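Participant: Attaching a single structure in structure tokens format; questions to follow.
There are 2 protein chains.
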Amino acid sequence: MSKVTAQMSVSLDGFYAGERHGGQGNWIDSAEAAGFFRVTRWLTEAMAWRERQGFAGGEKDTNSDIIAETFEAAGAYVMGRRMADGGEGPWGEEPPFRVPVFVVTHRPRQTLTRKGGTSFTYVTDGVASAVEQARAVANGKDVNVAGGGSLVRQVLKAGLLDELELNVVPVVLGTGMRLLDADLGLADKEAIELTLNRVVNTPTVTHLRYTVNGRAALVLDDRGRGSGE
Amino acid sequence: MSKVTAQMSVSLDGFYAGERHGGQGNWIDSAEAAGFFRVTRWLTEAMAWRERQGFAGGEKDTNSDIIAETFEAAGAYVMGRRMADGGEGPWGEEPPFRVPVFVVTHRPRQTLTRKGGTSFTYVTDGVASAVEQARAVANGKDVNVAGGGSLVRQVLKAGLLDELELNVVPVVLGTGMRLLDADLGLADKEAIELTLNRVVNTPTVTHLRYTVNGRAALVLDDRGRGSGE
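Protein chains in written order, with my numbering: chain L, 1 to 229; chain A, 1001 to 1229.
Below, the structure is given as structure tokens:
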């Protein structure tokens, strides 16, 4: 059965972009873009990312291998509406996904079929439905939650995420769009427990991959004053 | 010359404790305590931490080695008032520090001398002064910013922190007291750049140690459309 995975590039303080662009002026001139460019720079330097975008060059290094592996593992994608809208132009006629993409949106729209295997299907009945539709066509490969951060958070909140990989970039942005924000719907003294299953470190980014175990109550301990004393 | 360092245990979403205890009821029953206990549990299981607290037992493992190394490296500590007040009882007659501690506070108080080399000196003229006083007695060893999170943030904000180690615990708390919060005083499109200088991974915690390079402007890149194309 397919795993549901997500990979997000974040700053050390947990932001995947700068402060959200409110719509005044061009996005490219916004703090949101400046932060987003900083935390995703390692991607644009990697050969495997560049190949998928149709760009030559780049480094064939550990980061590139991780990107290639993640692309290869994905049998289908789930994507937020804002990311899909933002990417539609830049991704052009042959987007980098090469498998079906299910876009979570409130606006019905006809499926968009692109070259190279990518299609965009617009799902208006919620995140769980989009994940199910992606799973149905993933052929046992991963359902990859492409982003943005708000969608990753919704999938985590709904208990649908099996694996979360944070690509932690050594920068503190101070403010911005935070991946793990307060709206996770956790009860008082409740947490989501995870298990780290891989760490890969490179000079520009640290890849921390976690299995999501699910919700659990927070319990106190005896702070070491117990049996050992 | 002494380095100024800080080590903080944080959840994957960046909290070092649960939601701040407002003073209603006992701290130990608060969400703050529940979150704090969760992210610091790895410490209480380690022999080197237990020894310093006067407890027997514990694991002699990688985590213990890191704790021992950190204690050994510290020539003096700087500490926030809330942490000092909270610890005064539990640490007892022979606190774990064994070197001078400088407490940043608004309330003047006579220096408190404890057994084993620990003293608490109350500094009322600010964080920079406390760091300077600690440096003056550290004999070239590290000035360790013991916490809490608010003080670590102030030292980082003031440009006085040379090294930050995050002990990242695989749990998402959802809400709480965040280490890297918005009050870092960064300008628009400005960030604090760091360099990862050590990663040590264990099943219960991932130690990410960064050199703080300082503030820098965020710049856009050409997203790979440049020379390589």
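Quick reminder that beta carbons are idealized off the backbone N, C-alpha and C, glycines included. Here the structure is a predicted model, which is why all the values come from computation and not from measurement.
1. Between the C-alpha atoms of proline 170 (chain L) and aspartate 1162 (chain A), what's the straight-line distance to the nearest angstrom?
2. Count the CB pairs spanning the stretch 136-154 of chain L and the stretch 74-81 of chain L that are closer than 8 angstroms, and state whether there are at least three.
3. Measuring straight from C-alpha to C-alpha, what distance separates valine 1212 (chain A) and arginine 107 (chain L)?
4. Run through chain D and tell me which residues come within less than 8 angstroms of threonine 1070 (chain A), C-beta to C-beta.
5. Just to confirm my understanding: we take arginine 1114 (chain A), look at its own chain, exclude 5 residues before and 5 after, and list those with CB closer than 7 angstroms. What are they?
6. Establish whether the CB of asparagine 63 (chain L) and some CB of chain A are separated by less than 8 angstroms.
7. To the nearest angstrom, how far is it from the Cα of asparagine 167 (chain L) to the Cα of valine 127 (chain L)?
8. With a threshold of 8 angstroms on Cβ separation, who are the neighbours of glycine 1140 (chain A) within its own chain once the five nearest residues in sequence on each side are excluded?
9. Using a C-beta to C-beta distance shorter than 8 angstroms, which residues of chain L count as neighbours of glycine 1116 (chain A)?
10. Please classify tryptophan 91 (chain L) as buried or exposed, where buried requires at least 16 neighbouring CB atoms within 10 angstroms.
11. Examine chain A for any beta-carbon lying closer than 8 angstroms to the beta-carbon of isoleucine 192 (chain L), and answer yes or no.
12. May I have the straight-line CA-CA distance separating leucine 1230 (chain A) from threonine 1121 (chain A), to the nearest angstrom?
13. In the DSSP output, which residue or residues are listed as bridge partners for tyrosine 77 (chain L)?
14. Asparagine 201 (chain L) versus chain A: which residues are under 8 angstroms apart at the beta carbon?
15. Please determine if the stretch 1008-1020 of chain A and the stretch 1176-1186 of chain A are in contact, where contact requires at least 3 C-beta pairs separated by less than 8 angstroms.
16. Quick check: the Cα distance between phenylalanine 36 (chain L) and leucine 156 (chain L), rounded to an integer number of angstroms?
17. What residues from chain A crowd round threonine 44 (chain L), counting only those whose CB sits closer than 7 angstroms?
18. Mind checking glutamate 1229 (chain A): buried by the 16 CB within 10 Å criterion, or exposed?
19. Count the other C-beta atoms from every protein chain shown that fall within 10 angstroms of the C-beta of glycine 25 (chain L), then say buried if there are 16 or more, exposed otherwise.
20. Measuring only between beta-carbons, confirm whether threonine 1105 (chain A) sits less than 8 angstroms from chain L.
Facilitator: Judging by the given coordinates:
1. Start at 1 with the first residue of the first sequence, and residue 170 (chain L) comes out as number 170. Start at 1 with the first residue of the second sequence, and residue 1162 (chain A) comes out as number 162. Proline 170 (chain L) and aspartate 1162 (chain A): Cα-Cα distance of roughly 14 angstroms.
2. In short, these stretches touch, since the Cβ pair count reaches three.
3. For the purposes of this step, residue 1212 (chain A) is taken as the residue at position 212 of the second sequence. For the purposes of this step, residue 107 (chain L) is taken as the residue at position 107 of the first sequence. When rounded, the distance between both Cα atoms is 45 angstroms.
4. Chain labels in this structure do not include chain D; the protein chains are L and A.
5. Position 114 of the second sequence, counted from the start, is the residue given in the question as residue 1114 (chain A). Within the same chain, arginine 1114 (chain A) has close Cβ partners Glu1093, Glu1094 and Pro1095.
6. Numbered from its first residue, the first sequence carries residue 63 (chain L) at position 63. With 8 angstroms as the cut-off, asparagine 63 (chain L) does not count as an interface residue toward chain A.
7. One-based indexing of the first sequence puts residue 167 (chain L) at position 167. One-based indexing of the first sequence puts residue 127 (chain L) at position 127. Spanning the two alpha carbons is a distance of roughly 23 angstroms.
8. Here residue 1140 (chain A) corresponds to residue number 140 of the second sequence, with the count starting at 1. Same-chain partners within the cutoff: Met1001, Ser1002 and Gly1075.
9. The sequence position of residue 1116 (chain A) within the second sequence is 116, counting from 1. Those do not exist, as glycine 1116 (chain A) stays about 18 angstroms from chain L at its closest Cβ, beyond 8 angstroms.
10. Here residue 91 (chain L) corresponds to residue number 91 of the first sequence, with the count starting at 1. By the Cβ neighbour-count rule, tryptophan 91 (chain L) is buried, with 16 or more other Cβ atoms within 10 Å of its own.
11. Start at 1 with the first residue of the first sequence, and residue 192 (chain L) comes out as number 192. Yes, its Cβ sits closer than 8 angstroms to a Cβ of chain A.
12. Only positions 1001 to 1229 of chain A appear in this structure, which leaves residue 1230 (chain A) out of reach.
13. Here residue 77 (chain L) refers to the residue found at position 77 when the first sequence is read from its first residue. Per DSSP, L:Val101 and L:Asn144.
14. As a position in the first sequence, residue 201 (chain L) is number 201, starting the count at 1. Under the 8 angstroms cutoff, chain A gives Leu1196 and Val1199.
15. yes
16. Stepping through the first sequence from its first residue, residue 36 (chain L) is reached at position 36. Stepping through the first sequence from its first residue, residue 156 (chain L) is reached at position 156. Roughly 21 angstroms between the two C-alpha positions.
17. On the first sequence, position 44 is the one that residue 44 (chain L) refers to. The contacting residues are Asp1221, Arg1223 and Gly1224.
18. Numbered from 1 along the second sequence, position 229 holds the residue referred to as residue 1229 (chain A). Caution is warranted here: a pLDDT of 39 is assigned to glutamate 1229 (chain A), below 50, making its placement in the model unreliable, and the coordinate value is therefore given only provisionally. Classification of glutamate 1229 (chain A): exposed, given that the 10 Å Cβ count is below 16.
19. Counted from its first residue, the first sequence places residue 25 (chain L) at position 25. The residue in question, glycine 25 (chain L), is exposed, as its Cβ has fewer than 16 Cβ neighbours within 10 Å.
20. Sequence index remark: in the second sequence, residue 1105 (chain A) carries index 105 (1-based). Not one chain L Cβ lies under 8 angstroms of threonine 1105 (chain A).
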